[in-house]
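Asker:
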Amino acid sequence: MSVAREFASDNTAPAHPAVLEAIAAANTGPAHAYGADAWTARAEAWFRDTFGEGTSAFLAWNGTGANVIALQAALRPWQAVICVRQAHINVDECGAPERFAGCKLIDVPTPDAKLSAAQLEAAITGVGIEHQVQPRLVSLTQTTEYGTAYSRDELAALCDLAHAHDMLVHVDGARIANAAASLNLPLRAFTRDVGVDLLSFGATKNGGIGAEAVVVFDPELARDLRFIRKQSAQLASKMRFLAAQFIGLAKGDRWLANASHANAMALRLADGVRDHVGVTITQRVESNAVFAMIDPAATVRLQERFHFYVWDDTTGEVRWMTNWATTPADVDEFIEAITDALPA
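To convert, count from 1 in the sequence shown and add 6; that's the working numbering.
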């Protein structure tokens, strides 16, 4: 299928030049395997500098793998995860959390893919009853599957409530950089400092090729994670090439610049079409995603030239994603095409 432009996913973007340069720089001579190399040490040091002493980071191949090993580190088989129904771990990971972590997902329906403290309180049931799975961990997606961002206060309230019930908090941060750019906060301020226990940190959607990390703030949770990572087929033998991607994105805060640009391109797109008759923006645009309702016939015409997803087949809601490589010209061309495709 030949398309003019991609608005389907930030996974369709090329690798950022800084990432390729960092990989090339690491591709010199031999290096110890399985993470015992200088590049991995530098990447791990960046995580400690960013999130504070006592932080442990375990690099992994992909986001599903990072989520799975984070859940495995936190859960026993009779324990459950509370998440929103739209969560990536619930919808888009082919049952991997259930299979490999052996846990039940308690999915909470929400209109905007965000879990509120009241919804979390209502979902914590059956505690101490041996016939029921025991809620042990809350998993929050930041930014959410609808592109919205939890505020620092919202996260703090959820963490406080979870901890009051002896539960842990995991953040699926495949787009954590976009959240930092949207909130205009340091990464630590809305993760470790508000009580998050484990973080899946994504770099792939931010200009990487295939680099994620499980970031752990509790040494007890981190104790067995290297064994879990190995058993879960997420330990890279040539770890330096995963680590180099984080190093390239960390230099000069390239990760933040990439996310800020992607967010700005989504806002440009939303602003360019929100007043058009026949376009209804359905979610707040707080990161690099625009959700909209448009005429189904217009969707068909647009998809002849542009690749994007119909998010909800029952309603016709579409999702348009931008990324670090999306240009203003790309966005303006898409806006013009949307205008042309709409019924007169």
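Don't be surprised by glycine CBs; every beta carbon is placed ideally from N, CA and C.
If G60 sits next to P192, beta carbons under 8 Å apart, how far is it from one beta carbon to the other, in whole angstroms?
Answerer: So it is not a contact: roughly 17 Å between Cβ atoms.
Asker: Kindly give me the distance between the Cβ atoms of G201 and C165, rounded to whole angstroms, as I take these residues to be in contact under 8 Å.
Answerer: About 3 Å; that satisfies the 8 Å criterion.
Asker: Can you list, in chain order, the residues of its chain with a C-beta nearer than 8 Å to that of A186? Leave out the 5 residues immediately preceding and following it.
Answerer: Excluding residues within five positions, the ones whose Cβ falls inside 8 Å are P192, L193, F196, L262 and A265.
Asker: Let me know the alpha helix (DSSP H) ranges lying completely inside the stretch 306-340, each 4 residues or longer, listed in chain order.
Answerer: Within the stretch 306-340, no complete alpha helix (DSSP H) run reaches 4 residues.
Asker: Would you identify the three-state DSSP class for A219, choosing helix, strand or coil?
Answerer: Strand.
Asker: Could you tell me the distance, in whole angstroms, from the CA atom of M7 to the CA atom of R307?
Answerer: Residue confidence is low: M7 scores 39 on pLDDT, short of 50, so the model does not pin down where it sits. Its coordinate-derived value is still stated next. If I take the Cα positions, the gap works out to 14 Å.
Asker: Once DSSP output is grouped into helix, strand and coil, what is the label at P141?
Answerer: The answer is strand: DSSP assigns P141 an E or B state.
Asker: Among V25, L121 and Q138, which has the Cα closest to the Cα of L167?
Answerer: The shortest Cα separation from L167 among V25, L121 and Q138 belongs to L121.
Asker: Near T328, what residues of its chain come up, given a Cβ to Cβ distance below 6 Å and the 5 sequence neighbours on each side ignored?
Answerer: If we look at T328 and ignore the five residues flanking it on each side, its Cβ neighbours are A268, M271, A272 and N294.
Asker: Do C109 and L146 have their CB atoms nearer than 7 Å?
Answerer: Not in contact: C109 and L146 (Cβ atoms no closer than 7 Å).
Asker: Leaving out five residues on either side along the sequence, give the residues of the same chain with a beta carbon under 8 Å from the beta carbon of V97.
Answerer: If we look at V97 and ignore the five residues flanking it on each side, its Cβ neighbours are R91 and E151.
Asker: Would you grab the beta carbon distance between A28 and G254 for me? Rounded to a whole angstrom, and I think it's under 8 Å.
Answerer: Rounded, the Cβ-Cβ distance is 3 Å, consistent with contact.
Asker: For R181, which option in L189, L174 and V175 has the closest C-alpha, if you only look at C-alpha atoms?
Answerer: Closest by alpha carbon: L189.
Asker: Thinking C-beta only, is G208 closer than 7 Å to G71?
Answerer: It is not a contact, given that the beta carbons lie outside the stated cut-off.
Asker: Taking the C-alpha atoms as reference points, what is the distance between T34 and T131?
Answerer: T34 and T131: Cα-Cα distance of roughly 55 Å.
Asker: Pick from H313, D118, G322 and C89: whose alpha carbon is nearest that of V285?
Answerer: That would be G322, whose Cα lies nearest to the Cα of V285.
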